[in-house]
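Report on the structure given below.
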Amino acid sequence: ASGRVARRELYVTSKLWPSDHERVREACLGSLRALRLDRLDLYLLHWPPSEDGPLERLWRCMESLVAEGLATSIGVCNCSARRLDALFALRPAVAPAVNQVEVHPGWRNEATLAACAARGVHVTAYAPLGRALGAGAGASLLQEPVVREAAAQLGGTPAQALLRWAIARGCSVVPKSSSRARIEENARSLRLAPREGGRAGEVEALRALDAIEPQQRRMTGETLVGARRLYASVEEVWR
């Protein structure tokens, strides 16, 4: 592709959907054709299978994408600490570089983050603004008084404070937006300067977000459950 942005300046990620678990290479090639690229920087297994047996077959297929040069790195999404352990028990030739999971002050997901840190797997936080992603999910965090207070201390917006909280935990973040102004606002979260206290003031402002309760997922997983779906129950989604 030609344009004002060089390919080397972009980090391109795509995902393997559950409907394509039986056609991994074909699905990856489909993404490459749609993007008009010959290689992805990262290809993610969007939802791990419910059983460990299919996981090994799937992961070997993912590894073959790296061997073939179709993807530089591979990773997983929504992978619990238990499923991450199961994946590493397979002694993968190519370890997952990334686990993309829900992380925000309303769902700190500490067990998964600890498991990823122990395995050297980077965490990308989705839904970092804590917005509801399904029926029965918790309310948005953007209106939480403690979030608004932290934003004031950091000299930014509530969205910027939430993104900064995740970044401070070592996560990359993928906030969803179709608004150019919001995308630019999100990017400025990397450059926030606390109004008082410098680095110590930032740490204090972000620490207040650690106290948010109750802890509740915004991605419930209910749409993945039922006849001809990936999982038999919501509990199975997250086990």
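Position one of the sequence shown corresponds to residue 197 (our numbering), numbered consecutively onward.
Note that beta-carbon positions come from the ideal geometry of N, C-alpha and C, so glycine has one too.
Here the structure is a predicted model, which means the values were calculated and not measured.
Quick one: is residue i buried, meaning 16 or more other Cβ sit within 10 Å of its Cβ, or exposed?
i	result
Tyr207	exposed
Lys211	buried
Arg414	buried
Leu283	buried
Ala230	exposed
Gly422	exposed
Ala267	buried
Arg395	exposed
Gly164	Any property of residue 164 remains undetermined from this structure, which presents the chain solely from 197 to 435.
Ala197	Any reading at Ala197 needs caution, since the residue's pLDDT is 48, under 50, leaving its predicted position unreliable; the model's value is listed next. Label assigned to Ala197: exposed.
Arg200	exposed
Just the C-alpha distance for residue i and residue j, rounded to the nearest angstrom, thanks.
i	j	result
Val297	Gly271	11 Å
Gly397	Val342	15 Å
Thr308	Arg435	11 Å
Leu236	Ile379	23 Å
Ala314	Ser336	30 Å
Leu325	Ser385	12 Å
Val369	Gly249	31 Å
Val425	Arg365	The identity of residue 425 in the sequence shown is Arg, whereas the question assumes Val. Cα-Cα distance, rounded: 34 Å.
Cys273	Glu205	24 Å
Leu261	Ser375	34 Å
Leu359	Leu240	22 Å
In its own chain, which residues sit with a C-beta less than 7 Å from the C-beta of residue i, not counting the 5 before and 5 after it?
i	result
Cys367	Val299, Val319, Thr320, Ala321
Ala346	Ala357, Ala401, Leu402, Ala404, Leu405
Ala377	none
Ala323	Glu298, His300, Leu329, Arg414, Met415
If you compare alpha carbons, which of the options is closest to residue i?
i	options	result
Leu251	Tyr239, Val343, Cys275	Cys275
Ala401	Trp361, Arg435, Ser374, Ala293	Trp361
Val399	Arg414, Gln349, Ala313	Gln349
Ala202	Leu233, Glu218, Val220, His217	Leu233
Thr209	Ser215, Glu218, Cys224	Cys224
Glu218	Ala230, Pro244, Ala285	Pro244
Arg279	Arg200, Ser260, Arg204, Glu247	Glu247
Leu264	Gly394, Arg221, Ile363	The amino acid occupying residue 264 in the given sequence is Glu; Leu does not appear at that position. Residue Arg221 is the option with its Cα nearest to Glu264.
Arg327	Pro371, Asp216, Ser215	Pro371
Suppose the cutoff is 8 Å on Cβ atoms and the five residues either side in sequence are ignored; what does the same chain contact list for residue i look like?
i	result
Gln339	Pro354
Arg304	Asp406, Gln411
Ser373	Ile379, Asn382
Ile363	Val369, Ser385, Leu386
In chain order, what residues of the same chain have a beta carbon less than 6 Å from the beta carbon of residue i, not counting five sequence neighbours either side?
i	result
Trp213	His242
Ser269	Leu238, Ala293
Val433	Gly417, Leu420, Tyr427
Glu306	none
Ala311	Ala277, Leu280
Ser227	Ser210
Gly352	Leu388
Arg344	Pro354
Ile408	Pro301, Gly302
Asp216	Ala223
Val317	Pro292, Asn295
Taking 8 Å as the CB-CB cut-off, is residue i touching chain B?
i	result
Ser210	Looking at the structure shown, chain B is missing, and only one protein chain is on hand.
I'd like to know if the stretch 243-263 and the stretch 286-295 are in contact, where contact means that at least 3 CB-CB pairs between them fall below 8 Å. Touching, yes, given that three or more Cβ pairs across the two stretches are closer than 8 Å.
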